[in-house]
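First to last, the protein sequences are chains B and H. Its first residue numbered 1, the first sequence is counted upward by one per residue in this note's numbering. Its first residue numbered 1, the second sequence is counted upward by one per residue in this note's numbering. Cβ atoms here follow ideal geometry from the backbone N, Cα and C, with glycine treated the same way. All values reported here derive from a predicted model rather than from experimental measurement. What follows is a single structure, written as structure tokens, with notes after it.
2 protein chains.
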Amino acid sequence: QGQEGDPRAGRRLAAGVCSSCHGQNGIATLPGAPNLAGQNAAYVAAQLRAYREKERLQEQMNIVAEPLTDKQIGDLAAWYAAITITATVPGR
Amino acid sequence: QGQEGDPRAGRRLAAGVCSSCHGQNGIATLPGAPNLAGQNAAYVAAQLRAYREKERLQEQMNIVAEPLTDKQIGDLAAWYAAITITATVPGR
């Protein structure tokens with residue numbers, strides 16, 4: 001599971017499945033869904049596996065993750081990590 | 001739980017507790033920890049409650065979240081949502 005995913009394959013897969021809630025650029029379109037843009041690949045992969053194995057429960061995500069292969073999980077994680085983010089802390 | 005949190009109070013709380021893994025600006029310092037910068041407040045609050053109630057299991061987070069009050073959860077969620085992020089999708 002440590003193998004690097006293919007962000008291009010992940011991009012294609014995300015466009016059809018994930019983008020409706022997590023946005024085309026990884027900024028979520030639903031307030032209850034997390035932004036995934038620039039998220040750590042190791043974290044995203046671990047969460048997708050947890051959803052797939054139902055170790056982490058969330059209705060839509062358990063359905064979405066169920067058919068995913070380890071390769072597809074790696075590709076999706078690589079895709080979201082490939083989106084460049086900047087973070088600017090508000091003034092005191 | 002819908003009440004808006006206080007990002008300044010959340011910033012102070014995060015500095016002492018969360019920043020060691022999630023970074024001073026919400027960009028994680030540990031590969032296994034998620035970035036929280038600009039994350040949706042509703043999502044962060046829901047996850048902190050899930051960790052507190054042990055509906056979502058992760059060793060460090062269950063320990064960290066256990067003593068948090070609903071107000072502190074709201075403040076932390078407001079703080080991370082107050083960090084401005086940009087997301088740039090890589091070229092095709």
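Between A15(B), R92(B), L76(B), P90(B), which has its C-alpha nearest A46(B)'s C-alpha?
Here residue 46(B) refers to the residue found at position 46 when the first sequence is read from its first residue. When each option's Cα is compared against that of A46(B), the closest is L76(B).
In DSSP terms, what T86(H) is bridged to
As a working note, residue 86(H) is residue 86 in the second sequence. Its beta-bridge partners are T86(B).
If distances are taken between C-alpha atoms only, which option among W79(H), A87(H), P90(H), R56(H) comes closest to D91(B)?
Here residue 91(B) refers to the residue found at position 91 of the first sequence. The identity of residue 91(B) in the sequence shown is Gly, whereas the question assumes Asp. Measuring from the Cα of G91(B), the nearest candidate turns out to be W79(H).
Determine whether the Cβ of I27(H) lies closer than 7 Å to any Cβ atom of chain B.
In the second sequence, the residue the question calls residue 27(H) occupies position 27. Yes, contact with chain B.
Given a cut-off of 7 Å, decide if G38(B) and I73(B) are closer than it, judged by their beta-carbon atoms.
Taking the first residue of the first sequence as position 1, residue 73(B) is located at position 73. Taking the first residue of the first sequence as position 1, residue 38(B) is located at position 38. Taking 7 Å as the Cβ cut-off, I73(B) and G38(B) do not qualify as a contacting pair.
Check whether the segment 22-42 of chain H touches the segment 58-65 of chain B, counting contact only when three or more Cβ pairs, one atom from each stretch, lie closer than 8 Å.
no
Output yes or no for whether 7 Å exceeds the beta carbon distance between A87(B) and G16(H).
Sequence index remark: in the first sequence, residue 87(B) carries index 87 (1-based). Sequence index remark: in the second sequence, residue 16(H) carries index 16 (1-based). Against a cut-off of 7 Å, the Cβ pair of G16(H) and A87(B) comes out as no contact.
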